[in-house]
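In my numbering, the protein residues as written are 3 to 574.
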């Protein structure tokens, strides 16, 4: 490829963005932003993306068959699974104007995931026990109505996804395949240059199973996930499911003080409340009221500084779904406006769940169940009966302890590059998809789903492999194997020599980006090469004579060698 003919060259004057991948991929001419969270992949970018996807495809072919499903789905399919009104990133298509609406006013779901398409597909073809197990995968563009997009390719509204779905006649067979998928995933990340920095992390299994799902997280300071590591057990948890014990507070009080209500109108946040009351944040108490899907109203108390983990709470409460109570329900239960709920004097029919972090405190604060008031110097055993049980209901944070060993978690930032998820019979039951067993009876089908984000991986690779000059692509996904720079090209003899080097390299099957521009300085060419980040830089100039200058992007050493040696080194 001649650089002079390349569409979308470097834009070194492009602004600096919130992440390395957003900055360097746009400066380097790999992507162009159309709008927030939506990008065009330019020639260099599509070459990288294709290489990533081909590596994924080669490994997925070992465990599944490739298909290509539509981006659009009928709303009726999503109604069948009960997800049309519950998936909070779901997008749809509608006619854009009255003329289009006159032709067809139907609205379609723009798929963020494809269970609603792949299950009916399997149902059309595979019904006998002889057809199982089977797995289908695709690499396709997905759409999600993200509330905020950031970090370039790490979080967008339109992105590339490899999604695979497996179908099984038993839980045992499903679990065997599930473990096999982990091996294949790590092979993908090894080939992408990410294996050493990628770990399996336990994550939420969703509302239909108590099992964990598994995420593949790559350590990355710009990643949006927080991973908790119990070193002695070699277990990683996503923050959303990490079991935790809050570190004990340093208790300065030695005796119970008289309980009293304090006026505190319009205070926002626990730090502001703690400052107002002149107490540590750890002595404040956050109380939230929830409604469950089975009609219960519950109260949940957690220590100030923590958030309530609704997934943990749902499992403890033993309900399928829950939501924050409405303003009207809160007022009815507590007698106060939202923001002043507490654990004092709640109606008997309201069950209260206490996080373990609220234990072992003297003279703590909680809402007074009276608008604009907070109760201070509240104590278990005097003002509130000592709870029979304390639970882990909170979202873990740095400094927390792993309950099993009492060790402090190691906490790291990470970016999710893949996930595998047990679905069991949630979707096959929704479509009444069953198989005919050897005894002639219909039986349930078990499923798993397995995702990898190629476009996000492209962003993560840049986050992991760059320096102050630009990108440093791993060889497996670099747009080209070598970046050939011709200097002194106004000299016909030099130009002829570098043209010959370019032809020889390409004839040998080596992918080369040849900077053939005549009116550009050597400094600008070298700067562009560093920004683009191809692993090997080759230079032909007056200084190199009949030889070639060879330099690796991530090394300072420059070598002068024959073209034959260069070819041998690249191909070797």
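Even glycine gets a Cβ: it sits at the ideal position worked out from N, Cα and C.
Just so it is clear, the structure is predicted and the values come from calculations on it, not from any experiment.
C-beta atoms of residue i and residue j nearer than 8 Å
| i | j | result |
| --- | --- | --- |
| residue 338 | residue 288 | no |
| residue 520 | residue 492 | yes |
| residue 525 | residue 30 | no |
| residue 304 | residue 395 | yes |
| residue 417 | residue 220 | yes |
| residue 51 | residue 449 | no |
| residue 148 | residue 201 | no |
| residue 488 | residue 560 | no |
| residue 125 | residue 68 | no |
| residue 376 | residue 22 | no |
| residue 151 | residue 38 | yes |
| residue 586 | residue 218 | Residue 586 lies beyond the range of the chain shown here (3 to 574); nothing can be said about it. |
| residue 229 | residue 203 | yes |
| residue 222 | residue 61 | no |
Range covered by the beta strand (DSSP E) that runs through residue i
| i | result |
| --- | --- |
| residue 552 | 550 to 554 |
| residue 492 | Premise fails: residue 492 is in no beta strand (DSSP E) and is neither H nor E. |
| residue 408 | From DSSP, residue 408 is part of no beta strand (DSSP E); its letter is neither H nor E. |
| residue 75 | 74 to 76 |
| residue 305 | 299 to 305 |
| residue 326 | 324 to 326 |
| residue 440 | Where residue 440 is concerned, there is no enclosing beta strand (DSSP E), given that its DSSP letter is neither H nor E. |
C-alpha gap between residue i and residue j, whole angstroms
| i | j | result |
| --- | --- | --- |
| residue 57 | residue 194 | 8 Å |
| residue 563 | residue 546 | 9 Å |
| residue 2 | residue 446 | As shown, the chain starts at 3 and ends at 574. That puts residue 2 outside it, with no answer to give. |
| residue 170 | residue 131 | 9 Å |
| residue 155 | residue 49 | 16 Å |
| residue 241 | residue 406 | 16 Å |
| residue 76 | residue 105 | 17 Å |
| residue 388 | residue 262 | 19 Å |
| residue 83 | residue 293 | 23 Å |
| residue 481 | residue 53 | 8 Å |
| residue 40 | residue 364 | 52 Å |
| residue 515 | residue 532 | 13 Å |
| residue 6 | residue 15 | 19 Å |
| residue 297 | residue 89 | 22 Å |
Expected contact under 8 Å - CB spacing of residue i and residue j to nearest Å
| i | j | result |
| --- | --- | --- |
| residue 410 | residue 403 | 6 Å |
| residue 353 | residue 300 | 5 Å |
N- and C-terminal bounds of the alpha helix (DSSP H) containing residue i
| i | result |
| --- | --- |
| residue 130 | No alpha helix (DSSP H) contains residue 130, which DSSP labels as neither H nor E. |
| residue 94 | Run containing residue 94: none in the alpha helix (DSSP H); it sits in the beta strand (DSSP E), 93 to 95. |
| residue 525 | 524 to 534 |
| residue 51 | 45 to 62 |
| residue 465 | 456 to 466 |
| residue 179 | 173 to 193 |
| residue 572 | 565 to 573 |
| residue 278 | 272 to 279 |
Identity of the residues DSSP links to residue i by a beta bridge
| i | result |
| --- | --- |
| residue 264 | 376 |
| residue 485 | 515 and 539 |
| residue 215 | 205 |
| residue 237 | 232 |
| residue 451 | 167 and 423 |
| residue 368 | 377 |
| residue 40 | 37 |
| residue 357 | 393 |
| residue 67 | 138 |
| residue 290 | 302 |
| residue 79 | Partner(s): none; residue 79 has no beta bridge. |
Closer than 8 Å to chain D by CB, residue i
| i | result |
| --- | --- |
| residue 528 | You won't find chain D in this structure, because it holds only one protein chain. |
Residue i: CB within 7 Å of a non-hydrogen atom of the ligand ADP
| i | result |
| --- | --- |
| residue 498 | Looking at this structure, you won't find the ligand ADP or any other ligand, since it has none at all. |
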